[in-house]
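Residue numbers (my numbering), protein chains in the order written: chain C, 197 to 470; chain Z, 37 to 840.
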C-alpha cells in the first residue's frame with residue numbers, strides 16, 4: 197500500500213474517540229487529513245491506527261459566549277472564511293484562512309487540526325497569538341483550557357498530552373483592526389514567513405509564523421511601535437527588526453532573508469491596521 | 037522508382053470552410069467530463085500489479101537481495117531482479133541516436149551490479165494488488181554499498197570525480213562540435229566589443245498531469261503481446277522493445293497508447309517499466325500493470341535541460357553581431373535514453389544562430405554522465421537551451437553597449453530576401469520575415485510608452501523590466517536521409533491512411549499521436565476541408581500499432597507539419613480517385629469535375645452532381661466504375677519532409693520586481709508567432725498559452741536540485757514549484773503568416789514555440805529590471821531571495837555562480 201498498514205476507527209462521539217485514543221497510544225486522529233495523509237503516503241508517519249473524528253458533531257459549530265468566539269475544532273478553513281459570526285467577532289481569522297491551501301484544502305482542513313499539528317509554517321498561530329486565543333483540550337480523564345502563549349512549544353510540539361484532543365478554540369472578541377500578511381513558498385504555498393498584526397485599545401500586537409520553529413510574538417516590534425502607528429514609526433520599527441539568529445534556513449530562504457521578510461510583512465500588516 | 041507527387045505549398049484558391057477556423061476541440065467534452073480513457077483506467081481480467089523498489093542511493097553496488105519476506109506474503113507472485121533479466125538475455129534499453137565515439141553504457145531495465153541514480157530500479161514485486169505489491173517492496177532487503185556519486189556536469193568532468201560508468205572514462209559520453217572555429221576566431225579578432233556570458237540552464241522535471249503507466253498482456257496461444265502504455269509514439273516503442281530489448285517478433289507486439297494526459301517529451305522514451313511488465317506478463321502468464329506514483333515520476337521520468345555554458349559574442353561598435361562561440365557541458369544523467377544524444381547537439385548547436393546574420397558560429401558540447409535521472413527531450417528539446425543562450429547574450433550585449441534591446445535585434449535580423457537561408461551551423465531556414473513580427477509585438481505592447489513608464493518608475497522605486505525573445509526554432513524534423521546521416525536510428529517521415537467507408541464516413545489513421553495537441557480536431561478539419569463534408573463524418577484514429585501499422589509519433593512539433601502533410605497527400609490520392617469515379621458517373625472528363633461542400637459537379641453545371649456519399653458508395657459497390665479501376669476508396673501516404681520547418685516570432689515579457697521581497701510578478705506578456713497558416717487558431721492559442729506558462733515556469737519557479745551526493749532535493753510538489761494560473765497575466769497573442777514553402781499545408785509547428793521563446797523573454801525582463809541595480813546578468817531561476825540579494829547588491833558576480 198501507499199502507506200504502511202494501519203487500522204481505521206470511526207469514532208461515533210467524542211467519548212468514543214477519547215476512549216479509542218487512550219486504548220491506542222500509537223494512533224493518530226484524523227480530521228481533515230491534509231497534513232497527516234501526505235505524511236503517511238511518504239511513510240514519514242506510520243501510525244498504528246487512525247481514529248476518524250471528522251464526523252463528530254461535538255467538534256463542529258461556531259458559537260459565541262459573551263465576548264468569546266468559540267470554534268469547534270472541526271470547523272473547516274472554508275467555514276472560517278465565510279462565516280458571519282467569525283467575520284464579526286474575529287475578522288483576522290478569515291484574513292488568515294484565505295491564505296490556507298486552495299479551495300479543496302480549505303473545504304477539508306480544520307482549525308483544530310492546525311492547532312494540534314503545530315506546523316511551524318501554519319498560518320493561524322500568528323493570528324491566534326495576537327488575538328490571545330486559548331484551546332480546550334479534552335482527555336478521557338477530564339478537560340483543561342490552555343492559553344496560546346503556553347500552548348505552542350516548538351516545531352510540531354504543543355501542550356497537548358497523550359490522550360488529549362483539541363475540542364475548541366476560544367477567541368476573545370477582536371477589539372480593533374487585524375491583518376495577516378504572508379510570503380508563500382511558491383511550491384507548497386506554506387508560509388515562508390507570515391505576520392499578523394492587531395491594533396486594539398490595549399496596544400499593538402505582532403506575531404510571526406513560518407520563519408522559526410514555532411510562531412512567536414515580535415515583542416521588539418510591538419515595543420518599538422508602542423501606540424504610534426504613523427508611517428514613519430511603522431517603517432523604523434520594522435526595518436531590520438527581526439534577528440535572523442533563531443530562524444530557519446533552507447534552500448529556498450535563508451534565515452537572513454526570512455528575518456528581512458518578517459520586517460517587510462510586519463510593516464505591511466501594520467500599515468493595514470493603523 | 038515512382039515519382040513522388042508535388043508536395044510543395046500552394047495557397048488555397050478561395051475561402052476555406054474548416055482550415056483556419058477556431059473550431060472547438062472535439063476531444064474536450066470527453067476530457068472535461070472525466071470520460072477520458074487513460075492507460076491506468078484499463079483493467080483486464082486476471083491482472084497483476086507491479087511495484088518498483090527504487091534505489092535510495094545515487095550510486096551503489098548491489099549486494100545480496102533477500103526477497104523471502106516479500107515472497108512469503110500471500111498474493112505475491114514474483115520478485116524480479118536484474119539477474120532475472122540478465123538470465124533471460126533481456127537487452128539493454130537502447131539509445132536511438134548515435135554520435136561519433138558515443139559511449140553507451142549498458143542500461144538494464146532492472147539495475148544489475150550497480151545502481152546509478154536515485155530512482156534506478158533494484159527489484160520488482162508482482163502481486164495481486166498494487167497495495168500488496170507496494171507492501172512487499174518494503175519487505176525486500178537489499179545490501180546496497182554506497183559509492184561516490186556526482187550530480188553536476190562540470191563536477192563530473194573534474195579530476196578525481198566519481199566515475200559513473202567504467203565504459204565512459206572521465207564521465208564523457210561524447211564530444212561534439214559544429215561550425216567553423218577558425219572563421220569565428222578571425223571575426224573575434226575584428227570585433228570592437230566582446231560580450232561574455234556564463235550561464236546555467238537548470239534541470240526540469242516534465243510533470244505531465246498523467247503519471248506514466250503500462251499494462252502488458254500476453255496471449256500464450258498465439259504468443260502475442262499487447263502493451264497499453266503512456267506513449268507519444270507507440271510505433272517507436274514497438275520497434276525498440278521488439279528489435280532491441282525483448283526480442284519479440286515485431287508482428288506479435290501491439291502497442292496501444294490510449295488517451296495520454298500530457299507528455300512534453302517525457303513519454304517519447306522507452307522506459308524500464310515497459311520492459312518489466314512485458315517480461316513479467318509472459319513469465320507469469322498474467323496481465324501485469326504498473327502505474328507511477330507522483331513521487332516515482334519525479335525520480336523516473338526523463339528530465340530536461342541541465343546545461344552549463346560559456347559563450348562569447350563578437351560585435352562591431354555599431355552593434356552588428358559578427359560571431360558567436362559557445363562551450364556547453366550537457367548533463368546527460370546516468371544513462372543515454374532514446375533521443376538523449378540528439379538534444380544537446382543537433383537540436384541545440386544548430387539553433388545557436390538564432391534569427392541573426394552571423395559571419396560564424398562555433399559550438400562545442402561535452403555530454404557528461406552523472407548520477408542523476410537521465411536527461412532527454414523536454415518540450416523544446418535543445419531549442420529552448422539555444423534560445424535562452426542566444427537571446428540572453430544578445431540582450432546582455434544591448435545592456436553593455438547601451439543599445440535598445442529591440443533595435444539590436446532588428447539590426448541583425450536575417451532579411452526576408454535571404455531565404456532560404458544557410459546558417460553557419462548546418463541548417464537551411466525555409467522561410468521567414470522577422471521584422472513584421474517584432475513590429476507587431478512592439479505595437480501591441482505600446483513599447484515607447486512602456487519605456488517611459490519604466491524610466492518614471494525607476495525614479496520612484498518601481499522596477500519594471502522588459503524582456504525580448506526574437507526566436508526561431510527548427511521542428512517537424514526532417515528528411516529521413518538527413519537525420520540518418522546525423523545519427524538517428526529512426527526514420528522521420530509520417531504516414532496517414534484515409535479510409536472512406538461506403539457511407540462516405542472517413543476514418544483517418546495517423547502515425548502521429550495526440551497527448552493534448554488536439555489531433556482529433558485539427559486532422560478532422562484537414563480531412564473535412566478536402567471534400568467540404570461535415571467534420572463529424574471524419575474520425576481520427578491514432579495511438580494503436582494494431583490499427584495503424586506505421587508511423588513515428590509526435591515530438592518536436594511534427595504533428596501538423598509532417599503528420600498533417602501526410603494526411604493532406606493521402607487525401608489528394610482519395611480526391612483523385614473519387615474525382616475519376618464522379619467523372620465516370622457524370623459522363624464528364626475528370627479535369628472538368630470540381631468538388632465543394634461534399635458535392636462533385638461538372639464545372640459550370642450547378643445542378644445534377646454526385647455527392648461524396650454517392651461516390652464512396654459506388655467505389656465500394658463497384659457496380660459502375662471506370663474501366664480497370666480497383667474497387668474501394670482508401671489511400672496511404674508516407675510523407676518524408678524535405679526540410680525542417682522554422683517557426684519564429686517575437687515574445688516580450690514585462691515583469692515588476694517587488695523591491696521589498698524580490699518577488700517577480702509578470703505583469704504583461706505579448707507575443708507574435710509565425711507558424712505559417714493556422715489550421716485552428718484556438719488550438720494554436722492553447723499551445724502558445726501552455727508553452728509560455730511552461731517557459732515562465734523555468735525562468736521563475738521550477739528547478740530540479742540535486743545535492744552533491746545525487747539526492748534530489750525537489751522530489752515533490754511541496755518543493756518543486758509549477759506555474760499556477762495566478763502567477764500569470766492574460767497573454768496577448770497574435771500572429772504573422774509566412775508559409776513554409778516545402779510542405780503541402782505550408783504549416784510550421786507551434787507546440788513548442790511558447791516554451792522555446794518565453795524562458796528567454798522572462799529572463800531578459802528580470803535582467804532588464806535588475807539593470808537598475810548595476811547588473812548585466814543574473815542567472816535564472818529568479819527565486820525571490822536571489823532577486824532580493826541582487827537588488828541589495830550583496831552577492832558578488834551572480835551570473836558567474838552555478839546555481840547550487
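For every residue, glycine included, the Cβ atom is placed at its ideal position computed from N, Cα and C. All values derive from a computational prediction rather than experimental measurement.
Query raised in the report: Looking at chain Z, which residues of the region 359–388 of chain C have a Cβ within less than 7 angstroms of any of its Cβ atoms?
Result: Taking 7 angstroms as the Cβ-Cβ cut-off against chain Z, the residues of the region 359–388 of chain C that qualify are 379, 382, 383 and 384.
Query - residue 241/C - DSSP class collapsed to helix/strand/coil - result: Your numbering for residue 241/C matches position 45 in the first chain. Here residue 241/C carries a coil assignment [DSSP, helix/strand/coil].
Report task. Classify residue 110/Z as buried or exposed, calling it buried when 16 or more other Cβ atoms lie within 10 Å of its own Cβ. Result -> Locating residue 110/Z in the second chain gives position 74, where the first residue counts as 1. Looking at its Cβ environment, which holds fewer than 16 other Cβ atoms inside 10 Å, residue 110/Z is exposed.
Query raised in the report: Got a sec: is the Cβ-Cβ distance from residue 348/C to anything in chain Z below 8 angstroms?
Result: Working through the first chain from its first residue, we reach residue 348/C at position 152. Nearest CB-CB separation between residue 348/C and chain Z: not below the 8 angstroms threshold.
Report task. Express the C-alpha separation of residue 309/Z and residue 245/Z in angstroms, rounding to a whole number. Result -> Taking the first residue of the second chain as position 1, residue 245/Z is located at position 209. Taking the first residue of the second chain as position 1, residue 309/Z is located at position 273. Residue 245/Z and residue 309/Z: Cα-Cα distance of roughly 18 angstroms.
Query - Cβ neighbours of residue 582/Z in the same chain (closer than 6 angstroms, five flanking residues each side left out) - result: As a working mapping, residue 582/Z is identified with position 546 in the second chain. Apart from the 5 residues on each side of it in sequence, residue 582/Z sits with its Cβ closer than 6 angstroms to the Cβ of 290 in its chain, given in chain order.
Report task. Give a yes or no on whether the minimum CB-CB distance between residue 809/Z and chain C is below 8 angstroms. Result -> The residue you call residue 809/Z lines up with position 773 of the second chain. Not one chain C Cβ lies under 8 angstroms of residue 809/Z.
Requested in this report: Confirm, please, whether the CB-CB distance from residue 406/C to residue 376/C is below 8 angstroms.
Outcome: The residue labelled residue 376/C in the question sits at position 180 within the first chain. The residue labelled residue 406/C in the question sits at position 210 within the first chain. In this structure, residue 406/C does not lie closer than 8 angstroms to residue 376/C by Cβ.
Report task. For residue 457/C, return the contacting residues in chain Z, with the cut-off set at a CB-CB distance below 7 angstroms. Result -> In the first chain, the residue the question calls residue 457/C occupies position 261. Here the neighbours are 697.
Requested in this report: For the beta strand (DSSP E) containing residue 330/C, list its first residue and its last residue.
Outcome: Taking the first residue of the first chain as position 1, residue 330/C is located at position 134. Annotation for residue 330/C: the continuous beta strand (DSSP E) segment containing it runs 330–335.
Query raised in the report: Does the Cβ-Cβ distance between residue 720/Z and residue 785/Z come in under 8 angstroms?
Result: Counting from 1 along the second chain, the entry for residue 720/Z is found at position 684. Counting from 1 along the second chain, the entry for residue 785/Z is found at position 749. Contact annotation: residue 720/Z and residue 785/Z have beta-carbon atoms that are not nearer than 8 angstroms.
Requested in this report: Give the straight-line distance between the Cα atoms of residue 391/C and residue 769/Z, rounded to the nearest whole angstrom.
Outcome: Sequence index remark: in the first chain, residue 391/C carries index 195 (1-based). Sequence index remark: in the second chain, residue 769/Z carries index 733 (1-based). One alpha carbon belongs to residue 391/C, the other to residue 769/Z, and they sit about 39 angstroms apart.
Report task. At 7 angstroms on the CB atoms, spell out the chain C contacts of residue 167/Z, in chain order. Result -> Numbered from 1 along the second chain, position 131 holds the residue referred to as residue 167/Z. In chain order: 197.
Query raised in the report: Among all the DSSP beta bridges, which residues are the ones paired with residue 200/Z?
Result: Indexing the second chain from 1 puts residue 200/Z at position 164. In the DSSP output, where bridge partners are listed per residue, residue 200/Z has none listed.
**Report entry** Supposed contact pair residue 227/Z and residue 351/Z - C-beta distance, whole angstroms, cut 8 angstroms
**Finding:** Reading the second chain from its first residue, position 315 is the one you call residue 351/Z. Reading the second chain from its first residue, position 191 is the one you call residue 227/Z. Their Cβ separation, rounded to whole angstroms, is 6 angstroms, which keeps residue 351/Z and residue 227/Z in contact under 8 angstroms.
Query raised in the report: Would the beta-carbon of residue 366/Z fall within 8 angstroms of that of residue 189/Z?
Result: For the purposes of this step, residue 366/Z is identified with residue 330 of the second chain, where counting begins at 1. For the purposes of this step, residue 189/Z is identified with residue 153 of the second chain, where counting begins at 1. For the pair residue 366/Z and residue 189/Z, the CB atoms are nearer than the 8 angstroms cut-off.
Query - Three-pair Cβ contact test at 8 angstroms for the region 242–261 of chain C versus the region 205–219 of chain C - result: Three or more Cβ pairs drawn from the region 242–261 of chain C and the region 205–219 of chain C lie within less than 8 angstroms of each other, which places the two stretches in contact.
Query raised in the report: If you count every other CB in all the chains shown that lies within 10 Å of the CB of residue 306/Z, and 16 or more means buried, which is it?
Result: The sequence position of residue 306/Z within the second chain is 270, counting from 1. The residue is buried, with at least 16 neighbouring Cβ atoms inside 10 Å.
Query raised in the report: Considering only residues of the region 165–231 of chain Z, which uninterrupted beta strand (DSSP E) runs meet the minimum length of 3 residues and lie entirely inside it, listed in chain order?
Result: The qualifying runs are 177–182 and 208–215.
**Report entry** Beta carbon proximity, residue 450/C to chain Z, threshold 8 angstroms
**Finding:** One-based indexing of the first chain puts residue 450/C at position 254. Yes, contact with chain Z.
Report task. With DSSP collapsed to three states, give me the class of residue 254/C. Result -> In the first chain, counting from the first residue as 1, residue 254/C sits at position 58. If DSSP states are grouped into helix, strand and coil, residue 254/C belongs with the helices.
Query raised in the report: Starting from residue 464/C and walking both ways along the alpha helix (DSSP H), at which residues does that stretch end?
Result: One-based indexing of the first chain puts residue 464/C at position 268. Residue 464/C -> alpha helix (DSSP H) spans 451–469.
Requested in this report: To the nearest angstrom, report how far apart residue 265/Z and residue 154/Z are at their CA atoms.
Outcome: Numbered from its first residue, the second chain carries residue 265/Z at position 229. Numbered from its first residue, the second chain carries residue 154/Z at position 118. Cα to Cα, residue 265/Z sits roughly 23 angstroms from residue 154/Z.
Query - Strand pairing of residue 532/Z, partner residues [DSSP] - result: The residue labelled residue 532/Z in the question sits at position 496 within the second chain. Its beta-bridge partners are 546/Z and 673/Z.
**Report entry** 8 angstroms Cβ cutoff, residue 741/Z in contact with chain C
**Finding:** Position 705 of the second chain, counted from the start, is the residue given in the question as residue 741/Z. Flagged as an interface residue toward chain C: residue 741/Z, by a C-beta distance shorter than 8 angstroms.
Requested in this report: Kindly say whether residue 333/Z, judged by its beta-carbon, lies nearer than 8 angstroms to any beta-carbon of chain C.
Outcome: By one-based count along the second chain, residue 333/Z stands at place 297. It does not: the Cβ of residue 333/Z has no partner Cβ on chain C nearer than 8 angstroms.
**Report entry** Contacts that residue 453/C makes with chain Z (C-beta to C-beta distance below 7 angstroms)
**Finding:** Start at 1 with the first residue of the first chain, and residue 453/C comes out as number 257. One finds 821 and 824 in chain Z with Cβ atoms closer than 7 angstroms to the Cβ of residue 453/C, taken in chain order.
Query - chain Z contact for residue 460/C (CB, 8 angstroms cutoff) - result: Reading the first chain from its first residue, position 264 is the one you call residue 460/C. Residue 460/C counts as touching chain Z.
Report task. Under 8 angstroms Cβ to Cβ from residue 4/Z, same chain only, skipping five residues before and after it: list those, please. Result -> The displayed coordinates of chain Z run from 37 to 840. Any statement about residue 4/Z would go beyond what the structure contains.
Query - Given residue 302/Z as reference, the closest of 201/Z, 416/Z and 741/Z once Cα atoms are compared - result: Here the question's residue 302/Z lines up with position 266 in the second chain. It is 416/Z.
Requested in this report: Give a yes or no on whether the minimum CB-CB distance between residue 447/C and chain Z is below 8 angstroms.
Outcome: Here residue 447/C refers to the residue found at position 251 of the first chain. Yes, residue 447/C counts as interfacial toward chain Z.
Query raised in the report: Going along the chain, which unbroken runs of the beta strand (DSSP E) with 3 or more residues stay wholly within the region 328–387 of chain C?
Result: Contiguous beta strand (DSSP E) elements confined to the region 328–387 of chain C occur at 330–335, 338–343, 348–350, 361–368 and 373–380, taking only those with 3 or more residues.
Query raised in the report: residue 201/C versus chain Z: which residues are under 8 angstroms apart at the beta carbon?
Result: If you number the first chain from 1, residue 201/C lands on position 5. Within 8 angstroms Cβ-Cβ: 171.
Query - Member of 379/C, 382/C and 362/C whose CA lies at the smallest distance from the CA of residue 224/C - result: On the first chain, residue 224/C is found 28 positions in, with the first residue counted as 1. Considering only alpha carbons, the answer is 362/C.
Query - Per-residue contacts from residue 843/Z into chain C (C-beta, under 7 angstroms) - result: What the structure shows of chain Z is the stretch from 37 to 840, and residue 843/Z is not part of that stretch, so it cannot be assessed.
Query raised in the report: Which chain C residues sit within Cβ distance under 9 angstroms of residue 754/Z?
Result: The residue labelled residue 754/Z in the question sits at position 718 within the second chain. Those within 9 angstroms of residue 754/Z in chain C are 234, 381, 383, 384 and 386.
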